[in-house]
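The sequence shown begins at 120 in the working numbering and counts up by one. Below: one structure, written as structure tokens.
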Amino acid sequence: MIYNEKNNPISFLRIDAKGEIWEKNIFSYNIKETLASKFIFDDSDNPQYYYIYGDQEPWARAYRDYAFSGNLNQSFIGQTTQFHFSEDGTLKSIEFTNVNNLPYGRINFVYDHLGLVREEKWRSLPSAKLIRRYVYNIDLQNQSKKLWEYGQDGEEVSYVELEMASEDKLYPNPLPRTGNSLDEIDVVLNEIIRTGIMPPFPANIPHMESDQILLQNGDLMDVEIIQVTSIEVTFKLDKDEAHYTMPLSRIREVKNRWGEVLFPSIK
Numbered sequence: 120m121i122y123n124e125k126n127n128p129i130s131f132l133r134i135d136a137k138g139e140i141w142e143k144n145i146f147s148y149n150i151k152e153t154l155a156s157k158f159i160f161d162d163s164d165n166p167q168y169y170y171i172y173g174d175q176e177p178w179a180r181a182y183r184d185y186a187f188s189g190n191l192n193q194s195f196i197g198q199t200t201q202f203h204f205s206e207d208g209t210l211k212s213i214e215f216t217n218v219n220n221l222p223y224g225r226i227n228f229v230y231d232h233l234g235l236v237r238e239e240k241w242r243s244l245p246s247a248k249l250i251r252r253y254v255y256n257i258d259l260q261n262q263s264k265k266l267w268e269y270g271q272d273g274e275e276v277s278y279v280e281l282e283m284a285s286e287d288k289l290y291p292n293p294l295p296r297t298g299n300s301l302d303e304i305d306v307v308l309n310e311i312i313r314t315g316i317m318p319p320f321p322a323n324i325p326h327m328e329s330d331q332i333l334l335q336n337g338d339l340m341d342v343e344i345i346q347v348t349s350i351e352v353t354f355k356l357d358k359d360e361a362h363y364t365m366p367l368s369r370i371r372e373v374k375n376r377w378g379e380v381l382f383p384s385i386k
């Protein structure tokens, strides 16, 4: 058992008779020093389960808003959100339990042969009734994504199709200046060729409203990055003081609000 400076356990290792680690538990705490999350890894450091405690977890809030339509007759303070990962590290399901440890909902994920999400099924527990379903069609070659949403009676609720714009449509004007004279040479040359003069304004460093984590499944999270290590990233969510951790195996890219790529590191 490893403790932090507040004497709270932050790591717990299960070791067999041969002295080999077969399970690792990582704990994190909020500003009130109460347990905020727990991550369980197997002997190969692959994620197995991730627990987030409290009623403000985004997936749980989205599920409750839909499943109960705002008509909540019970408190979800002290509830738990459990993320279950398959052996290959993909997210298999998310289960929600109340303070009495009784499950009230689950979201299952189905993947195609490329490892991309194909379906997302929302079920009410303990009845296991299907109340919502998303169907994804991701075309990597044409850079497009289609999304269908179905209600609890199987009716189509919404349909969205997204297609990546071509470069000439995406950047009708010169790219923003970064402030790095080496990186922006092409931008400066394009400005000179287009206008015949150098712009009178100084270089600008564009920034986003928050740091961002791009997951392996293509989802983008707006966060506040706390720390990036060789195995995981620690972050906070908007208006939530709890610290969360996520293994780098689940992440494609970590970028701060100024556009600097924090992971993968550029040598």
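From the three backbone atoms N, C-alpha and C, an ideal C-beta is built for every residue, glycine too.
I'd like the list of long-range same chain contacts for residue i, defined as Cβ closer than 7 Å, with 5 residues on each side in sequence excluded.
i: L339; result: Q331 and L333
i: S243; result: A186, G224 and I250
i: M327; result: R376
Note down, in chain order, each residue of its chain lying with its Cβ closer than 6 Å to the Cβ of residue i, except the 5 sequence neighbours on either side.
i: V109; result: A query on residue 109 cannot be resolved here, the shown segment of the chain reaching from 120 to 386 and no further.
i: V279; result: L266
By how many angstroms is the C-alpha of residue j removed from the C-alpha of residue i?
i: I194; j: F187; result: Checking the sequence, you will find Ser at residue 194 rather than Ile. Straight-line Cα distance between these residues: approximately 12 Å.
i: S394; j: V373; result: A question about residue 394 goes unanswered here, because the residues of the chain that appear run from 120 up to 386.
i: K264; j: T209; result: 20 Å
i: S277; j: G270; result: 9 Å
i: G378; j: T364; result: 21 Å
i: I213; j: I226; result: 5 Å
i: W241; j: I140; result: 35 Å
i: S384; j: I350; result: 12 Å
i: I257; j: A155; result: 34 Å
i: A247; j: D272; result: 14 Å
i: M283; j: N336; result: 17 Å
Kindly list the residues whose CB is nearer than 8 Å to the CB of residue i, restricted to its own chain and excluding five residues on each side of it in sequence; keep chain order.
i: S130; result: M120, I121, K143, N144, I145 and F146
i: P128; result: M120, I121, Y122 and F146
i: F382; result: V347, V352, L367, I370, E372 and V373
i: Y230; result: T209, V236 and R237
For residue i, which option in the options has the closest C-alpha, if you only look at C-alpha atoms?
i: V218; options: Q262, A181, Y169 and Q198; result: Q198
i: H203; options: Y182, P245, F160 and R180; result: F160
i: D207; options: A247, I134, L281 and L233; result: L233
i: L221; options: K125, Q201, D135 and S205; result: Q201
Which two residues bound the contiguous alpha helix (DSSP H) that contains residue i?
i: A155; result: Unbroken run through A155 is the beta strand (DSSP E), L154 to D161; no alpha helix (DSSP H).
i: R252; result: Note, R252: premise wrong, no alpha helix (DSSP H); beta strand (DSSP E) at K248 to D258.
i: P177; result: P177 to A186
Quick check on the DSSP output: the beta strand (DSSP E) that includes residue i runs from which residue to which?
i: F202; result: T199 to F204
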